[in-house]
Each structure stands twice: as structure tokens, then as C-alpha cells.
Amino acid sequence: MDLSKLKADLKKDFNSSSSSIDLQNLKVKYLGKKGKITNLSKKLSTFEKKHRPKVGKKINELKLLFNELNDKTSLKIEKKELEIEISKDQVDVSLPVDTSQRGGLHPITRTIEKISSYFLTKGYLIEDGPEIESEYYNFDALNIPQDHPARDMHDTFYLSTGDLLRTHTSPVQIHALEKYEMPLKILCPGKVYRSDSDPTHTPMFHQIEGLVIDKNVNFGNLKKELVDFLNYFFGKDLKVRFRPSYFPFTEPSAEVDIMDQKGWLEIMGCGMVHPNVLKMSGIDYKKYSGFAFGLGIERMAKLDYSISDMRILFENDLKAISGKK
Ligand code: DAH
Numbered sequence: 093m094d095l096s097k098l099k100a101d102l103k104k105d106f107n108s109s110s111s112s113i114d115l116q117n118l119k120v121k122y123l124g125k126k127g128k129i130t131n132l133s134k135k136l137s138t139f140e141k142k143h144r145p146k147v148g149k150k151i152n153e154l155k156l157l158f159n160e161l162n163d164k165t166s167l168k169i170e171k172k173e174l175e176i177e178i179s180k181d182q183v184d185v186s187l188p189v190d191t192s193q194r195g196g197l198h199p200i201t202r203t204i205e206k207i208s209s210y211f212l213t214k215g216y217l218i219e220d221g222p223e224i225e226s227e228y229y230n231f232d233a234l235n236i237p238q239d240h241p242a243r244d245m246h247d248t249f250y251l252s253t254g255d256l257l258r259t260h261t262s263p264v265q266i267h268a269l270e271k272y273e274m275p276l277k278i279l280c281p282g283k284v285y286r287s288d289s290d291p292t293h294t295p296m297f298h299q300i301e302g303l304v305i306d307k308n309v310n311f312g313n314l315k316k317e318l319v320d321f322l323n324y325f326f327g328k329d330l331k332v333r334f335r336p337s338y339f340p341f342t343e344p345s346a347e348v349d350i351m352d353q354k355g356w357l358e359i360m361g362c363g364m365v366h367p368n369v370l371k372m373s374g375i376d377y378k379k380y381s382g383f384a385f386g387l388g389i390e391r392m393a394k395l396d397y398s399i400s401d402m403r404i405l406f407e408n409d410l411k412a413i414s415g416k417k
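In the numbering used here, the protein residues as written are 93 to 417.
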């Protein structure tokens, strides 16, 4: 039995192994049931008694050597295998991004987008305005003086500073009249607040305000603009009716109704901008005239998505607000 040859083979085998599978095979080859070192141990009894301790010691040394080489090589192999794994896992930052949309937009957001995108094509500017307003913008400048009964109808949330949460999007008309040169076409979607809560009212809701100011704008222009819009929104030729109404900031004023299975349904308020409103914001009301309109977005979303109770829109029931029609 050439022990030194066995030792040399062992070293050579470990040197040439390059995977954890190779290492497992070496364990079988040397220490398995019929392994080379195992066989040696089995043969120990065939040696003369006086040689046995020496041979036994050599066999032990071989086992130790095996373990030592095994530990060292497996460390090396593990490191190498890990590096390969890591290099396979690298992220290619130049790959195109997955832009597929997950989740869905809330019906209110979709309705705002549907209405805004229509008026954008008609040349309107989308305007934003503050939700905290002064009494001046929310009421006075809209021709609603201090003791006007219309103020009571608005169920206003007042702040301790004397300001208030806007009760409608109409104050954005005033900001726009102050900010821009005429002519003007704006659309303002946004949140409004009223101290009111029942199946058809929530304390916060959304409106869209429209304002058009130019030379020679008349009620016919207003009618055409709104009838065209309603036909677009509901995707069919609707029966539309303009019913005389009253708003302090328009003269004349009208309420727009559409015909639905159940009869006439009130959809929005509108009218010709009151000269007082133009005057207060420093616009020459002899040169310019205009129309305005305001509609409730929840009402439009309810009709578009067949939702019966408006509170559903704010209760986070994903099924109800998933946007499926
Ligand atoms: N601001 C009114 C409201 O909240 C809605 C409205 C009516 C807006 C007529 C207008 C309009 O611009 O012309 O009830």
C-alpha cells in the first residue's frame, strides 16, 4: 500500500475539483463505504500487530488531510459559486421600464380627466385655486354681499382666522379675472366644502367651474358650448333644457337639465357673468361679456358609473370605486 501515492492523489484530486458536486464525489471516493481511505482502515487488521499503530496513525493523518483540503477547497468553491450567482443576478439598468398600469383611478379623478380633456381641446386653460378663501373671493366679489340670503344656503365652514373653506369653485373666476388679460377661457376642477351630510351630500365634494370672457359673448354661445359638452360626456344626443334660475354672479342665470329614464335631471348651473362681477375685478364690462358654468363632479360620476349613493365614492370600497362601468 503506497500511502504517499494516496496522499499525492488526494492533493491532485482536490486541486482539480471546481464544484461542490466534485467535492461530494471526492468524499465518496475516499471516505465512502468503498472509499480508498475506508478500505485502508478495513485492511488495518491484516498488518502485523507491531506495524498497526504506525499505519493507523498514517490513516488518521490522511483523514485529517482530507478534512483540511475539503474545508479549504469548499470555501474557495463556495466563494466562486456565489460570485457566479451574483453576476447572473445583475440588473441591466438599460432595459426598458415596465410601464403597464396597476390599480385604477378613482371615478372622481376619471370624471375630472374626462371633462378637462374635452375643454382643453376647446382652448380652455385648466386653473387651480386655493381651498381656503377669504369671504371676499368666495362671496363679495361674486356679487354675494354680506347680508345676502345666498350666503346662508352655502352652509359654510369658517376658520378661526375669519377665512373659510370655499363653498364652490366660483372664486377661481375672480382669481382668473385678476390674473389674466382678456379674452379668457378657463376651467377649474377642485374640492369644495359645505357643512352637509346625507345620502346625496358629503361635506367635501368636487365641482368644475368654467368661465369664458370675450367681446360679444352671448347666451347662444353658452347654450351651444354646454349642449356640445353634455352630448360628448354622455356619448349620445341628449334632450337638454335650460331652465331660468338665479345665481347672484350671473344674469340671466339658468339651470341645465337633461332627460334621463326618470325624467328631467338637474346637471349644472350657468349664466352670463354679472356686470358687477366684472366691474369689481376691474374688467371693462362695456367691452367684455362672458358666461360661466358650474357643475358637481360627483353627480356626473354617479350618472356615468351608475352609482346610487354618493357616500360610496368616499368609503374606500375598492369594488365600488374600481372604475368599472
Ligand atoms: N357656484 C354655484 C354653486 O355652487 C354653481 C354655479 C352656478 C357656478 C352658476 C357658475 C354659474 O359658474 O354660472 O351652486
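C-beta atoms are modelled at their ideal positions from N, C-alpha and C, and glycine is treated no differently.
Item: Just checking my contact of Ile300 with Ile413 at CB under 8 Å: how many whole Å lie between their CB atoms?; Value: That pair is no contact at about 19 Å.
Item: Between Ile375 and Leu251, what straight-line distance do the alpha-carbon atoms span, to the nearest angstrom?; Value: 30 Å
Item: Would you say the stretch 224–235 touches the stretch 335–346, given that touching needs at least three Cβ pairs under 8 Å?; Value: yes
Item: Can you round the beta-carbon distance between Lys307 and Lys379 to whole angstroms, since I take them to be within the 8 Å contact cut?; Value: 6 Å
Item: Less than 8 Å between the beta carbons of Ser400 and Glu270, yes or no?; Value: no
Item: Would His143 be called buried (16 or more neighbouring beta carbons within 10 Å of its own) or exposed?; Value: exposed
Item: Based on DSSP bridge pairs, tell me the residues matched to His293.; Value: Asp290
Item: Decide if Pro241 is buried, meaning its Cβ has at least 16 other Cβ atoms within 10 Å, or exposed.; Value: exposed
Item: Just verifying my parser: in three-state terms, what is the DSSP assignment at Leu136?; Value: helix
Item: Quick one: what's got a C-beta closer than 6 Å to Ala393's C-beta in the same chain, skipping five residues either side?; Value: Pro199, Ile200, Thr203
Item: Cα separation between Phe297 and Lys283?; Value: 6 Å
Item: Within a Cβ cutoff of 6 Å, which residues of the same chain sit near Arg333, ignoring the five residues on either side of it in sequence?; Value: Asp349
Item: Name the DSSP bridge partner or partners of Ile300?; Value: Pro281, Leu387
Item: Here's the rule: buried if 16 or more other CB atoms are within 10 angstroms of the residue's CB, otherwise exposed. What is Ser137?; Value: exposed
Item: So, helix, strand or coil for Ile224, using DSSP?; Value: strand
Item: Ignoring anything shorter than 3 residues or poking outside the stretch 333–358, list the beta strand (DSSP E) runs there in chain order.; Value: 342–352
Item: For Ser265, count neighbouring Cβ atoms within 10 angstroms of its own Cβ and tell me buried if that reaches 16, exposed if not.; Value: Just to set this straight, residue 265 is Gln in the shown sequence, not Ser. With 16 or more other Cβ atoms within 10 Å, it is buried.
Item: Just to confirm, does Phe249 get its C-beta within under 7 Å of one of the non-hydrogen atoms of ligand 1?; Value: no
Item: Would you say Phe301 touches ligand 1, meaning its beta carbon is less than 7 Å from a heavy atom?; Value: Here residue 301 turns out to be Glu, not Phe, going by the sequence shown. It does: the Cβ of Glu301 is within 7 Å (strictly closer) of some heavy atom of ligand 1.
Item: CB-CB under 6 Å to Phe106, same chain, minus the five flanking residues each way: which ones, in chain order?; Value: Leu161, Thr165
Item: Is His267 near ligand 1, in the sense that its beta carbon is under 7 Å from a heavy atom of that ligand?; Value: no
Item: Please report the distance separating the alpha-carbon of Lys172 from that of Lys104.; Value: 19 Å
Item: What residues in its chain sit with their C-beta under 7 Å from that of Lys315, if we drop five residues either side in the sequence?; Value: Phe334
Item: Which of the three DSSP states is assigned to Met364 in this structure?; Value: strand
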